[in-house]
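**Student:** Sharing a structure here in structure tokens format.
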Amino acid sequence: MIEAQELHSDFHFPQEADTQLSSDTDLEDLEGRNAKLGKAKVPRQGKKGAGEKGKGSAGKGGGQNRVNGHHQENGMENLTLFEVVKLGKSAMQSVVDDWIEAYKNDRDTALLELINFFIQCSGCKGAVSSEMFRHMQNSEIIRKMTEEFDEDSGDYPLTMAGPQWKKFKTNFCEFIGVLVRQCQYSTIYDEYMMDTIISLLTGLSDSQVRAFRHTSTLAAMKLMTALVNVALNLSINMDNTQRQYEAERNKTIGKRSVERVELLFQKRKELHENQDEIENMMNAIFKGVFIHRYRDAIAEIRAICIEEIGVWMKMYSDAFLNDSYLKYVGWTLHDKQGEVRLKCLTALQGLYYNRELNSRLELFTSRFKDRIVSMTLDKEYDVAVQGVKLLTLVLQSGDECLTSEDCESVYHLVYSAHRPLAVAAGEFLFKKLFSNRSPEEDGMPRRGRQSRNANLIKTTVFFFLESELHEHGAYLVDSLWDCASDLLKDWESMISLLLDEPFPGEEELTDRQETALIEIMLSAVRQACECHPPVGRGSGKRVLTAKEKKTQLDDRTRITEMFAVALPLLLAKYTVDAAKLTNLLQLPQYFELEIFTTGRLEKHLESLLRQIREVVEKHTETDVLEACSRTFHALSNEEYTIFNRVDIARSQLLDEQVDKLNRLLEEFLQEGEETDEDDAYQVLSTLKRITAFHNAHDLSRWDLFTNLYRLLNTGLQNGDMPQQIVIHALQCTHFFHSVATRQGLQRHCKTGNIVIQTLIIIFLCYMRYLTSVNTAVKEQAFTILCDVLLVFSHQIVSSGREALEPLIYNPDSSLQADLLSFIQDHVFVYQDEENNTDDQRYDEVWKIEALHKRRNLLAAYCKLIIYNVVEMSTGADIFKQYMRYYNDYGDIIKETMSRTRQIDKIQCAKTLILSLQQLFNEMLSELGCNIDRSSAAFCGIKELARRFSLTFGLDQVKTREAIAMLHKDGIEFAFKEPSPQGEGNPPLHLSFLDILSEFSSKLLRQDKKTVHLYLERFMTFQMALQREDCWLPLISYRNSLQAGADDDTMSVISGISSRGSTRSKKSKAPSVTSKRKLPEEEGSCSSTDTAMWLNREQGAQTPVMLPSPHLTSTVLREPKKLRQEEAGAYVYAMANEHQPQTPLTPHSQPQPTMDYNSQVTWMLAQRQQAEARQQHERASMHYAKMRSHMQHAIRRGTGLMEDDEEPIVEDVMMSSEDRLEDLNEGMDFDTMDIDLPPSKNRRERTELKPDYFDPASIMDDSVLNVSMF
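Counting in the working numbering, the sequence shown runs from 1497 upward without gaps.
This is the structure:
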């Protein structure tokens, strides 16, 4: 350890005074950051200045033979240092040794090569010559290299994609580390090499060129890391030397060696001098690079700084792990970029992982704990995951660090849908609640009710119940699975808690706790057998490894052996509890059925089947009956010998239920109108049981169709049939018909019976029950009807099944209209806000279930649209509800639009515009003819049009024809109805053009001209001259078609800075550019008549191009703009110049007799007009190109100089730009020192919590209570 009084440099090694929070002034550059005199300007204490460049250059030419070493052996004698590192074929130590040898022979030549290495690594094509190196300052060299940059590309080695460049970054960092390591004993202390490198990197890191700044910052930080390692070794050597020196001095005079004492004294002095040298170097890098770049405007640069300071604190904690350096990490926890916040958390994890360092982190933890806790809810999941992991490490350092509120904010994350976050929260929960082992638990048994796991299982149940998310037991188990799988697999203890009597002094589980335990037990069994996360938490099943498959098989075997014995007992105990039975009856689905035979468990199987039968006979709940049905289905596997026993038990059960139903139906139907309630209940109960089994088993050998039809028909005639009987009878009939249809198709039976049954079901559902008074009956009839229509649509003859053509049933227009009317009446309705019950929670559950039912109804109808069972145009009534019911059905409607667009783009576009037209007509009927375009109704339609426009994506070529047809239909609709107020007034639907303009941006440049020409066919001479407010929709729509139609594609230089972009936005309006398409693309993107309309000659020019002005100055001028009135008159004047034919009247429209395939051929007549405008277009395009080239020339002067020097303090630590300017008035951003006394720099920012290292803020309660967000 270095004594404090021996250190006098700016860079302090650890001493007690360094922990005070006002020592940041030690990092100030008293001479100014830009005081760089020459190339070797690292300040020295008691040292002479850096040597002149000419010194030590004896033996020139020796450096030229460097390639004769390792490089030549590998055939790389002509490669530069950059190329050698880039290829990475040589061992890095050999490359560094060759350079060191060259440096010893001619240090100027070797340093020049190293300088060019850094320049080339930045992506600069220029090179520093020996003349420049000898006579130019660093700033001049950097300015010269900036001019050599390639402005056409913004990429440089550190940002280029591909494995080669990813490896280059690794090799680049390794080269710097090896260079310092190989030079640590002599070369780095020559006051020349390191001074030159540090001075160069400091200058490059101050450049406005991002490539220079990024590369040099990475190099400087890696250089600092290597120097920290050297300083650590020096500290260890000094400690050893000091101990040896003291030991030798303490010897008696007779045993003391004067020579050894003197030798150790000289060695200690030399190490101290070397330590001073390293301190100076690190001070120069820290103050010259880190202090300014940790708040750089580029997130990658900030992330590099934070990552490396974390390495320094972990590597050399005695020197760096104090509040003076931790504050930078703490401040950057509030960075606006997730990448930087992530680096902060990973850096802190490395520190908290070492428990020996926890005592030094106490102050930091107390100041920034709240921020770390809030980061568990970060919008970026990677940051949130690492935040939870960091809190887990903080928790291990001491339970008193986190309060109960802090822990509770993490607990609920175990139910997150993002699995990595949930797993991290599960580990935190496990460490907090389950890791503490008391001494009395050591003597407990490993299994059973009195085991330690039993107590932990009860703790899990208590936590599950307190979280009040009982439907998410599978999520809780999945979150704990990675860290507590042994606990969750202790099914023996779980069974014991459910079946065994409590021992004296133990509290018995309540009914609610037993239900929760059974759910957790089932979730654990499912997780062990399926080996993948539950639904909604994971992208899908993954391929299991051999080890995982073996574990899975072992778990299934143990589950079968254990629950085959215990499950009948559990069913018998909870035979009247439907909730518990529903979960318990799912366990056999995960059994390994072979174990029943090999393990001699047949008698337990008989007991299980007997208990299931009793459950079926006692219960009528749908969930319980369906669980029994699935259990029989899981056990009925013909591959195992137990199949016969299961099949016999199932047949006996169904025989009994079917006979009972037939007997009850005969009595029930004979009663006529006077039905007995007890008989109706018996019929309903039996019908529920058969329906549940019909859903999973083949009951075709029991002919139920005839009796069920009689039941339904009687209900229609009498009209007083209980609704639940009708619903289950419809379900059972549909299941029977589906099974019969599948078997008939598989066995190639005659289709007569299937057709008859299909028509009967359609007749019952559509003609009778779809118009029933009861809503539940109508919903069931609608669902069955949609399924039958989908199955027996034209899709049934696909894949070579033409023989099934007689089964096709196409719904007529009346049926389609009734189906659509049902959707409008029962789906697109607002939820009843009134609470029907006193239980608010029950009412919320009811609302969720009702919404789920309506979503299923809508999805059933949308499938009919997607598979072309009903007309696609009927989707307009669905699409127009997209915004109004976005929260409830937005995903379904959006997916339907996407699927219909894949089927027919043009027809889908027509449907979308039809939905907007319907809404527009509805608005007219409500508000009248005088439309207020600022009204909520009109703005809602316009917003819906904008949303529709976004669904077309970015590829304008693919949607070209559809968008053009959409505009065509929209224009026709706008001019369809004349004004009710007579001629001279705008058409009734003219305001629709304002809505249609939302789709103008999706048109290609040449298509805008075509659509504009089509628009002019509907306009009269007087319309073009109108400027009243009522004509604004027409004006704005024409402007949207003209915007960008005549602009050339402008090249974009990659080096536009963020600040420059801001200034440009303030100084001029943004120009609309359109992407130029190749002629091949334009000619090949259509094959229909619509394409004939679009692919006219490119000379077809909208008559709005102004004459090109004369350029009389070298300063680029904006073309003179006409007033709105003048522009409109001028446009129409030019239009009439080239269009002598009489325009259409406002009420004119294309002939309705025109068929679909020829409805756009009218555009071919425009070719003559196009030829007349070609000459005018060429002149205009020539001006546009000249303007583009001049702008490009102007940008060449500033494209490279990225103003990336906007400090991150503006983006993260400050609330406004004005406040930053007030703080730094008259001072450059990069020279802003971070001092610890109270200042506006930290106390007034809102996006970052106050400086917790400010003693004044610690005393201010209002500061400590500021919200994290």
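Ideal Cβ placement from N, Cα and C applies to all residues, glycine included.
Let me know the secondary structure DSSP gives Ile1794 once reduced to three states.
**Tutor:** Coil.
**Student:** Specify the secondary structure class of Thr1956 as computed by DSSP and reduced to three states.
**Tutor:** In the structure shown, Thr1956 sits in a helix (DSSP, three-state: H, G or I).
**Student:** Smallest Cα separation from Phe2128: which of Leu1993, His2115 and Ile2144?
**Tutor:** Closest by alpha carbon: Ile2144.
**Student:** Excluding sequence positions up to five away, which residues of its chain have a Cβ less than 7 angstroms from the Cβ of Pro2482?
**Tutor:** Same-chain partners within the cutoff: Ser2475, Cys2526 and Trp2527.
**Student:** Under 7 angstroms, do Ala1795 and Val1836 count as touching if we go by C-beta distance?
**Tutor:** Yes, the Cβ-Cβ distance between Ala1795 and Val1836 is below 7 angstroms.
**Student:** Going straight from the alpha carbon of Cys1903 to that of Pro1659, what length do you get?
**Tutor:** Cys1903 and Pro1659: Cα-Cα distance of roughly 42 angstroms.
**Student:** Could you check where the alpha helix (DSSP H) with Leu1965 kicks off and where it finishes?
**Tutor:** No alpha helix (DSSP H) holds Leu1965; DSSP gives it neither H nor E.
**Student:** For the alpha helix (DSSP H) containing Ser2147, name the first residue and the last one.
**Tutor:** Ser2147 -> alpha helix (DSSP H) spans Phe2139 to Gln2166.
**Student:** Counting pairs of beta carbons, one from the segment 1873 to 1892 and one from the segment 1947 to 1966, are three or more of them closer than 8 angstroms?
**Tutor:** In short, these stretches do not touch, since the Cβ pair count stays below three.
**Student:** So, is Ser1912 buried or exposed, given that buried needs 16 or more other C-beta atoms within 10 angstroms?
**Tutor:** By the 10 Å Cβ count, Ser1912 comes out buried.
**Student:** Would you grab the beta carbon distance between Ser2493 and Ile2427 for me? Rounded to a whole angstrom, and I think it's under 8 angstroms.
**Tutor:** The pair is not a contact, with the Cβ atoms about 15 angstroms apart (cut-off 8 angstroms).
**Student:** Mind checking if Glu1904 is an interface residue toward chain B, Cβ cutoff 7 angstroms exclusive?
**Tutor:** In the structure shown, chain B cannot be found, because there is only a single protein chain.
**Student:** Around the C-beta of Pro2029, are 16 or more other C-beta atoms found within 10 angstroms, so that it is buried, or is it exposed?
**Tutor:** Buried: at least 16 other Cβ atoms inside 10 Å.
**Student:** Could you have a look at Ser1626 and say whether DSSP puts it in helix, strand or coil?
**Tutor:** In this structure, Ser1626 counts as helix in the three-state DSSP scheme.
**Student:** With distances taken Cα to Cα, identify the nearest neighbour of Gly1834 among Leu1873, Leu2183, Leu2500 and Glu2163.
**Tutor:** Among Leu1873, Leu2183, Leu2500 and Glu2163, the Cα nearest to that of Gly1834 belongs to Leu1873.
**Student:** Going by beta-carbon coordinates alone, are Tyr2265 and Phe2288 separated by less than 7 angstroms?
**Tutor:** No, the pair does not count as a contact, with Cβ atoms beyond the cut-off.
**Student:** Would you give the residue range spanned by the alpha helix (DSSP H) that Asn1779 belongs to?
**Tutor:** Unbroken alpha helix (DSSP H) run through Asn1779: Val1754 to Ile1781.
**Student:** State the start and end residues of the unbroken alpha helix (DSSP H) segment that holds Asn2214.
**Tutor:** Note, Asn2214: alpha helix (DSSP H), Phe2201 to Asn2214.
**Student:** Taking the straight line between their C-alpha atoms, what separation do you get for Phe1999 and Leu2101?
**Tutor:** Cα to Cα, the separation comes out at about 31 angstroms.
**Student:** Excluding sequence positions up to five away, which residues of its chain have a Cβ less than 6 angstroms from the Cβ of Glu1804?
**Tutor:** Result list for Glu1804: Met1717 and Thr1721, in chain order.
**Student:** Could you tell me the alpha carbon to alpha carbon distance between Gly1784 and Cys1840, rounded to whole angstroms?
**Tutor:** C-alpha separation (whole angstroms): 21 angstroms.
**Student:** Quick one: is Cys1481 buried, meaning 16 or more other Cβ sit within 10 Å of its Cβ, or exposed?
**Tutor:** The question about residue 1481 has no answer, for the chain in this structure spans 1497 to 2765.
**Student:** By the three-class DSSP mapping on this structure, what secondary structure does Met2515 have?
**Tutor:** DSSP places Met2515 in coil when its eight states are reduced to three.
**Student:** Pair every Cβ in the segment 1984 to 1992 with every Cβ in the segment 2012 to 2027, then say whether three or more of these pairs are closer than 8 angstroms.
**Tutor:** Yes: the two stretches touch, three or more of their Cβ pairs being nearer than 8 angstroms.
**Student:** Can you tell me whether Cys2404 is buried or exposed, with buried defined as 16 or more other CB within 10 angstroms of its CB?
**Tutor:** When all chains shown are included, Cys2404 counts as buried.
**Student:** According to DSSP, is His1567 part of a helix, a strand, or is it coil?
**Tutor:** Confidence at His1567 is low in this model, with a pLDDT of 43, below 50, so the placement of that residue should be treated as unreliable; the coordinate-derived value is given next. It is helical.
**Student:** With DSSP collapsed to three states, give me the class of Glu2003.
**Tutor:** Glu2003: coil per DSSP, three-state reduction.
**Student:** List the whole-angstrom C-beta distance separating Tyr2357 from Ile2319, where the pair is believed to meet the contact cut-off of C-beta under 8 angstroms.
**Tutor:** About 5 angstroms separates the two Cβ atoms, so the contact holds.
**Student:** With C-beta atoms as the reference, is Leu2537 less than 7 angstroms away from Leu2489?
**Tutor:** In this structure, Leu2489 does not lie closer than 7 angstroms to Leu2537 by Cβ.
**Student:** For Glu2088, collect the residues of the same chain with a Cβ closer than 7 angstroms to its Cβ; drop the 5 residues on either side in sequence, then sort them by chain order.
**Tutor:** Contacts found: Arg2052, Thr2053 and Thr2056.
**Student:** Which class does Arg1603 belong to by DSSP, given the choice of helix, strand or coil?
**Tutor:** If DSSP states are grouped into helix, strand and coil, Arg1603 belongs with the helices.
**Student:** According to DSSP, simplified to helix, strand and coil, what is Leu2049?
**Tutor:** It is helical.
**Student:** May I ask you to report which of helix, strand or coil DSSP gives Trp2342?
**Tutor:** If DSSP states are grouped into helix, strand and coil, Trp2342 belongs with the helices.
**Student:** What's the C-alpha gap between Asn1667 and Leu1817?
**Tutor:** Approximately 29 angstroms, taken between the alpha carbons.
**Student:** Would you kindly work out how many angstroms separate the C-alpha atoms of His2230 and Phe2324, rounded to a whole number?
**Tutor:** The straight-line gap from Cα to Cα measures roughly 27 angstroms.
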